[in-house]
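Chemist: Once you've had a glance at the structure underneath, I'll fire off some questions.
There are 2 protein chains.
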Amino acid sequence: MARCVEFNEVEKIEKAMNVFWEKGYNATSIQDLVDAMQINRSSLYNTIGDKHQLFMKCIGNYFDNAMMEVKEKVSKYSSAKEALINLITDKAGWIVSCDKGCLGMKTIFEIAPDDCQVRNQMSKNNEVYIDFLKSIVQKAMDAGEMDDSESAEIMAEYIVNSFTGWKQAYILHQNPIKIKKMSEVLIKNIFK
Amino acid sequence: MARCVEFNEVEKIEKAMNVFWEKGYNATSIQDLVDAMQINRSSLYNTIGDKHQLFMKCIGNYFDNAMMEVKEKVSKYSSAKEALINLITDKAGWIVSCDKGCLGMKTIFEIAPDDCQVRNQMSKNNEVYIDFLKSIVQKAMDAGEMDDSESAEIMAEYIVNSFTGWKQAYILHQNPIKIKKMSEVLIKNIFK
DNA sequence: TTGATTCTGAAATAAACGTTTCAGAATCAA
DNA sequence: TTGATTCTGAAACGTTTATTTCAGAATCAA
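If you read the protein sequences in the order shown, they are chains A and B.
For the first sequence, the working numbering begins at 1 and goes up steadily by one.
For the second sequence, the working numbering begins at 1001 and goes up steadily by one.
See the structure below:
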């Protein structure tokens, strides 16, 4: 038998993720990555793969974490309406909480248009997220807490769309109050 | 006296803009640019400047064109409500009309967070656009064509936010019908 | 035509890029 | 301790990067 891997891959992936998060795919060099991951170049290539493979693992990890977190939070509320309001308010808070961009959105606009492997992964992730949101929206509609003149799916997409817009606005103007206001308008709009 | 510049700068800037549009800032090399612009390396550096300066000129040109176009279109309608509906419908059509991303949005997510020169320019552009939209929204409100329980500015931001979300959705799922539907929901929401 | 000036093309620069290689240290069952 | 195996660090690979340099062609007033 021989030596076995001495580092925790998930841990290293998370460190790499933070670099991609901050700088984006193209602006991140292998040097940046090995520095942040505290891993050897060879170990990186041997155990994880090249830059693109590492990136795929990062966005996978990013989504899994985000999805787990949101599911956990939602499970705390018995009312679908309350769960939605909290989900939206949380997102608005999250957007203004970090000045770096959002890895997901950055990836969609920077990489996805020209990289179908990334696009497929992001598209799948997005669908999973929207399906989840849709199920809560449906519950709210069934409970009569929400206007159901539009389908649950459309409403779910509508909500997710807003998040991207908020991040854009926050990157440009860095005004937390405006983002909070936007989230309130959204909540008002979908529940009237 | 000596020789004078033999190429039309604006024309060259436009060609460069298309490259940045397609590939984004970081993925575009000077080689890509001189190839597309059909200009010499030295001429580029002597008359326009380095990559970053060229990029700044490109996003300036991009915004000026977009702004001119939208103003021209809006001027055709005497009703503010009609103008807004057309502006929104147009944007939805534009989003699904080209498969490459949107230079503006790409720049905001890829470059703006880490490049304050770019961020300031984009932020200024965005403000100008929103101010313009706000003035139309205000007209629609004054004419009683639009619900005025929210300020014109908030409504203008709300509309612009949606555009970014649509582009994201289209990059991921390439479903024109969904984008059209989203624009209809927006129109329904802001005019009820 | 002259002469000062400016544009142009190609080559050169030095640094950074992603990736590979490989000798040697580390590990662990036998 | 041996021997097979695997991880590690550093160096090297060949490209590609953005930018500069410079000799010569092109221009135009005088």
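We treat Cβ as the ideally placed atom computed from N, Cα and C, and that holds for glycine.
Who are the near neighbours of Lys167 of chain A in its chain, counting only those whose CB is closer than 8 Å to its CB and skipping five residues on each side?
Modeler: Position 167 of the first sequence, counted from the start, is the residue given in the question as residue 167 of chain A. Counting only Cβ-Cβ distances below 8 Å, and skipping sequence neighbours, we find Ile95, Gly101, Cys102, Met105.
Chemist: Rounded to whole angstroms, what's the CA-CA distance from Phe55 of chain A to Gly1060 of chain B? Just pull it up for me.
Modeler: Translated into the one-based positions of the first sequence, residue 55 of chain A becomes position 55. Translated into the one-based positions of the second sequence, residue 1060 of chain B becomes position 60. Their Cα atoms are separated by approximately 32 Å.
Chemist: Using a Cβ cut-off of 9 Å, pull out every chain A residue sitting near Tyr1158 of chain B, in sequence order please.
Modeler: Counting from 1 along the second sequence, the entry for residue 1158 of chain B is found at position 158. Per Cβ cutoff of 9 Å: Ser162, Gly165, Met182, Val185, Leu186, Asn189.
Chemist: At a CB distance below 9 Å, what residues from the stretch 1002-1030 of chain B approach chain A? Give them in sequence order.
Modeler: So the close ones are Glu1022, Lys1023, Gly1024, Tyr1025, Asn1026, Ala1027.
Chemist: According to DSSP, simplified to helix, strand and coil, what is Gln117 of chain A?
Modeler: What you label residue 117 of chain A is simply residue 117 of the first sequence in a count that begins at 1. In the structure shown, Gln117 of chain A sits in a helix (DSSP, three-state: H, G or I).
Chemist: Quick one: grab the DSSP three-state call for Asn175 of chain A.
Modeler: Walking along the first sequence from the start, residue 175 of chain A turns up at place 175. In this structure, Asn175 of chain A counts as coil in the three-state DSSP scheme.
Chemist: Please list, in chain order, all residues of the same chain as Lys1139 of chain B whose beta carbon is under 6 Å from its beta carbon, the five residues on each side excluded.
Modeler: Residue mapping note: residue 1139 of chain B aligns to position 139 of the second sequence, counting from 1. Counting only Cβ-Cβ distances below 6 Å, and skipping sequence neighbours, we find Ala1080.
Chemist: Around the C-beta of Phe1163 of chain B, are 16 or more other C-beta atoms found within 10 angstroms, so that it is buried, or is it exposed?
Modeler: Walking along the second sequence from the start, residue 1163 of chain B turns up at place 163. So Phe1163 of chain B counts as buried.
Chemist: Near Met214 of chain A, which residues of its chain fall below 7 Å by C-beta distance, leaving aside the five closest residues on each side in sequence?
Modeler: Nothing in the structure corresponds to residue 214 of chain A, since chain A is present only between 1 and 192.
Chemist: If I follow the unbroken alpha helix (DSSP H) through Met1067 of chain B, where does it start and stop?
Modeler: By one-based count along the second sequence, residue 1067 of chain B stands at place 67. 1051-1074 is the extent of the alpha helix (DSSP H) around Met1067 of chain B.
Chemist: Going by alpha carbons, who is nearest to Tyr1062 of chain B out of B:Leu1084, B:Glu1011, B:Thr1028, B:Lys1181?
Modeler: As a first step, residue 1062 of chain B must be located in the second sequence, where it is residue number 62. Checked all of B:Leu1084, B:Glu1011, B:Thr1028, B:Lys1181; the closest Cα to Tyr1062 of chain B is B:Glu1011.
Chemist: Nearest CA to the CA of Ile1130 of chain B: which residue from B:Tyr1158, B:Lys1057, B:Ile1085, B:Tyr1077?
Modeler: As a first step, residue 1130 of chain B is located in the second sequence; it is residue number 130 there, counting from the start. When only C-alpha atoms are compared, the closest one is B:Tyr1158.
Chemist: If the cut is a Cβ gap below 8 Å, which residues of chain B does Ser97 of chain A touch?
Modeler: The residue labelled residue 97 of chain A in the question sits at position 97 within the first sequence. Neighbours of Ser97 of chain A on chain B: none; closest Cβ ~14 Å, over 8 Å.
Chemist: Could you check which residue in A:Lys73, A:Ser43, A:Ile30, A:Met67 has the C-alpha nearest to that of Lys124 of chain A?
Modeler: For the purposes of this step, residue 124 of chain A is taken as the residue at position 124 of the first sequence. Selected option, being the one with the closest Cα: A:Met67.
Chemist: Which of the residues in the stretch 103-121 of chain A, read from start to end, lie with their CB under 8 Å from any CB of chain B?
Modeler: So the close ones are Met105, Lys106, Ile108, Phe109, Glu110, Ala112, Pro113, Asp114, Arg119.
Chemist: Under three-state DSSP, which class holds Asn1046 of chain B?
Modeler: Mapped onto the second sequence, residue 1046 of chain B falls at position 46. In the structure shown, Asn1046 of chain B sits in a helix (DSSP, three-state: H, G or I).
Chemist: Gly1101 of chain B CB to nearest chain A CB: under 8 Å?
Modeler: Working through the second sequence from its first residue, we reach residue 1101 of chain B at position 101. With 8 Å as the cut-off, Gly1101 of chain B counts as an interface residue toward chain A.
Chemist: Given that His1173 of chain B touches chain A, what residues does it touch there, using C-beta distances under 9 Å?
Modeler: Translated into positions along the second sequence, residue 1173 of chain B becomes position 173. Those within 9 Å of His1173 of chain B in chain A are Ser123, Asn126, Glu127.
Chemist: So for Ile976 of chain B, helix, strand or coil by DSSP?
Modeler: This structure cannot speak to residue 976 of chain B, because chain B is shown only from 1001 to 1192.
Chemist: Expressed to the nearest angstrom, what Euclidean distance is found between the alpha-carbon atoms of Tyr77 of chain A and Ser183 of chain A?
Modeler: In the first sequence, residue 77 of chain A corresponds to position 77, counting from 1. In the first sequence, residue 183 of chain A corresponds to position 183, counting from 1. Rounded to whole angstroms, Tyr77 of chain A to Ser183 of chain A spans 19 Å at the Cα level.
Chemist: Taking 7 Å as the limit between beta carbons, can you name the residues of its chain near Asp1035 of chain B, skipping five residues before and five after?
Modeler: Within the second sequence, the letter at position 35 stands for residue 1035 of chain B. Nothing meets the Cβ criterion.
Chemist: Under a CB-based cut-off of 8 Å, is Gln1168 of chain B close to chain A?
Modeler: Stepping through the second sequence from its first residue, residue 1168 of chain B is reached at position 168. Closer than 8 Å to some Cβ of chain A, the Cβ of Gln1168 of chain B qualifies, so yes.
Chemist: Look at the Cβ atom of Arg1041 of chain B, then the Cβ atom of Leu172 of chain A, and state whether they are nearer than 8 Å.
Modeler: Along the second sequence, read from residue 1 onward, the residue named residue 1041 of chain B stands at position 41. Along the first sequence, read from residue 1 onward, the residue named residue 172 of chain A stands at position 172. No, the Cβ-Cβ distance between Arg1041 of chain B and Leu172 of chain A is not below 8 Å.
Chemist: If we cut at 8 Å on Cβ distances, does Glu1145 of chain B have a partner in chain A?
Modeler: Your numbering for residue 1145 of chain B matches position 145 in the second sequence. False, the Cβ-Cβ gap to chain A never drops below 8 Å.
Chemist: Kindly list, in the order they appear in chain B, the residues whose Cβ is closer than 7 Å to that of Met88 of chain A.
Modeler: In the first sequence, residue 88 of chain A corresponds to position 88, counting from 1. A small correction: the amino acid at residue 88 of chain A is Ile; Met does not occupy that position in the sequence shown. Here the premise fails: no neighbours, minimum Cβ distance about 13 Å.
Chemist: Can you find the residues in the same chain that come closer than 7 Å, C-beta to C-beta, to Asp1090 of chain B, ignoring five residues on each side of it along the sequence?
Modeler: In the second sequence, residue 1090 of chain B corresponds to position 90, counting from 1. Taken in chain order, the residues that qualify are Lys1073.
Chemist: In three-state terms, what does DSSP make of Gln1168 of chain B?
Modeler: Taking the first residue of the second sequence as 1, we reach residue 1168 of chain B at position 168. Three-state DSSP puts Gln1168 of chain B in a helix.
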